[in-house]
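For reference, each letter of the sequence shown is one residue, going 3 to 229 in this note's numbering.
For every residue, glycine included, the Cβ atom is placed at its ideal position computed from N, Cα and C.
These notes concern the structure reproduced below.
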Amino acid sequence: MKIPDIIIAIDGYSSTGKSTLAKKIARKFGFLYLDSGALYRGVTLFAQEEGFINRISVIDPTLKEALKSLDLHFDAEGKLCMGARCIEPQIRSMEVSAQVSPIAAVPYVREWVDEMLHEFGRRGRIVMDGRDIGTAVFPDAQLKIFMTASEEVRARRRYDELVAKGENPLLEEVVKNLRERDYIDSHRETAPLRRAEDAFELDNSDMSFEEELAWVQGLIQGKFGIL
Ligand code: DC
């Protein structure tokens, strides 16, 4: 059966499992998966390494000009690269997580990232996850999902992820970071995190991944007639 040329937008709070779900759906339907948060994380790493952001997250406005020469792209495995360097491990660190929300609140940073996202969107057949995909980047996306989960469940997931990567985080630090990011992401002026009116809400606090997947497949089947 021909799969329609659609954009699936998955937005929601930090550590709700957006990327795991988005990747799985993309694989199942042969779509491209795009992690928009990785680009904000890449810009943050660049700003940190090049000294455009200080310890208290004051951002030097010359970052705007410097972005013109920043080369961020995904390799064949979907990992983020800065020039010739794969930066996937660095962008997932607590250091980057701690400063990504202030960077993502800057309008010119959002414009820079949005330009890349629109370029990908032109190809269609894409699953993109983030905070404003269904509200601002692709308001006409054919399927929008908004993910939530309790803070406790999200913090535990994030903590386990960091431990699996060999980091040694404090649970309180992880909770603090999630709270701060969610607050900044949903209170910024430009494209704040919120549920699009036509998004389906998925609260996966008490769901297994299989149940989540079945829920989404039900939506896709109902809307587009594909399994
Ligand atoms: O999904 P993530 O945790 O990797 O995203 C990192 C940060 O990037 C998140 O705190 C907010 C920001 N972000 C955003 O503002 N808009 C998006 N579309 C994706 C991410």
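Asked                                                                                                                                                                            : Found
To which residues does DSSP link Met149 through a beta bridge?                                                                                                                   : Gly14, Leu204
For Ala49, which of Met130, Ile61, Ala28 has the nearest alpha-carbon?                                                                                                           : Ile61
Considering only residues of the same chain and omitting the five flanking positions on each side of Arg124, which have a CB-CB separation below 6 Å?                            : none
Under a three-way DSSP split, which group does Asp134 fall into?                                                                                                                 : coil
Near the ligand DC, which residues have their beta-carbon closer than 6 Å to a heavy atom?                                                                                       : Ser16, Ser38, Gly39, Tyr42, Arg43, Val102, Ser103, Ala106, Gly132, Arg133, Asp134, Ile135, Arg183, Asp187
Tell me the residue span of the beta strand (DSSP E) that contains Thr215.                                                                                                       : At residue 215 the sequence reads Leu, which differs from the Thr that was named. Element bounds for Leu215: not the beta strand (DSSP E) but the alpha helix (DSSP H), 211-226.
Quick one, which of Gly168, Asp184, Arg158 has its alpha-carbon nearest Glu174's?                                                                                                : Arg158
Label Arg112 either buried or exposed according to how many other C-beta atoms from any shown protein chain fall within 10 Å of its C-beta, with 16 as the threshold for buried. : buried
Given a threshold of 16 other Cβ atoms within 10 Å of its Cβ, counted over all protein chains shown, does Asn56 qualify as buried or as exposed?                                 : exposed
Applying the criterion that 16 or more other CB atoms from any shown protein chain within 10 Å of the CB defines a buried residue, is Phe148 buried or exposed?                  : buried
Quick one: Cα of Glu182 to Cα of Pro194, how far?                                                                                                                                : 14 Å
Name the DSSP beta bridge partners of Ile55, please?                                                                                                                             : Ile61
Quick check: what's the CA-CA separation for Phe54 versus Val102?                                                                                                                : 13 Å
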